[in-house]
Amino acid sequence: MVAVAMMTALSVNAQSAGEMFIKPMVGATLSTFASVDHSKMKFGFVGGAEYGYYVADPVAITAGLLVAMQGSGYEDSKYDRDKTSTSTMINVPILVNYYIAKGLALKVGVQPGFLVGNKIKGEADNNGKWESYESTETDGLKKFDFSIPVGLSYEISDFVIDARYNFGLTKVADYSDAKNSVIMLTLGYKIPF
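Going from the sequence shown to this note's numbering is simple: count from 1 and add 12.
As structure tokens, then:
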């Protein structure tokens, strides 16, 4: 009976194979560096769009182009405080979306990313006086990132709430074992064509 109920729910939400859509989206990131002591979550923004194609009910493939602010905050130390590292990335998520119920999709895929900018800022102790510093240097940082995004999305009419976690697989710098760890929450609007 449960299987019949699930199949009915899926058939109610059925999309015809070959249907396409574009989804502009905007939202926020919470990110940190995995494998780094004293790192903590920092807030950032994300925006862009995804193109989707319904392969067959209940599966769609999406490919996107997102500009995301990622990086990490750091716990205050004796020598530094309010330190953050913010990387501006162009991410290209390619996801399989599997609809398990009406409007509810599980998603998993791959995400290559490209570093387009970086800013490190904070305050440093200079002989007992705290002084602000800022750097946009990218030397030593990896220009390519690779992640595995997994998540859920829920559609309300043509609006899509999307929550993802990106498991970073590549190091962010030559001199560190740090990898990106990013939570992303977005609101999108699905435009069929």
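All C-beta atoms in this analysis are idealised placements derived from N, C-alpha and C, irrespective of residue type, glycine included.
Range covered by the beta strand (DSSP E) that runs through residue i
i       : result
Phe-46  : The amino acid at residue 46 is misidentified as Phe; the sequence shows Ala. Run containing Ala-46: 32-46, per the beta strand (DSSP E) assignment.
Asp-92  : 92-103
Met-53  : Where Met-53 is concerned, there is no enclosing beta strand (DSSP E), given that its DSSP letter is neither H nor E.
Phe-126 : 116-138
Phe-158 : 156-168
C-alpha gap between residue i and residue j, whole angstroms
i       : j       : result
Asn-192 : Arg-93  : 21 Å
Ala-75  : Tyr-187 : 32 Å
Ile-34  : Ala-175 : 18 Å
Leu-107 : Tyr-177 : 13 Å
Tyr-65  : Tyr-111 : 13 Å
Pro-70  : Leu-197 : 23 Å
Gly-134 : Thr-44  : 16 Å
Ala-185 : Ile-102 : 17 Å
Gly-140 : Pro-124 : 43 Å
Thr-100 : Ala-40  : 13 Å
Three-state secondary structure assigned by DSSP to residue i
i       : result
Val-58  : strand
Met-81  : strand
Ser-28  : coil
Tyr-187 : coil
Leu-22  : Its pLDDT being 43, under 50, Leu-22 is placed unreliably by the model, and the measurement read from it follows with that caveat. Reduced to three states, the DSSP call for Leu-22 is helix.
Asp-208 : Missing from the structure shown is residue 208; the chain here goes from 13 to 205 and no further.
Ser-89  : coil
Phe-179 : strand
Gly-200 : strand
Gly-152 : coil
Anticipated Cβ contact below 8 Å, residue i with residue j, distance rounded
i       : j       : result
Ala-46  : Gly-152 : Incorrect: roughly 18 Å between the Cβ atoms, too far for contact.
Lys-119 : Ser-165 : 6 Å
Leu-42  : Gly-59  : The Cβ separation is near 16 Å, so there is no contact.
Glu-87  : Lys-52  : 6 Å
Proximity test, Cβ basis, 8 Å: residue i and chain D
i       : result
Pro-124 : Absent from the structure is chain D; it holds one protein chain and no more.
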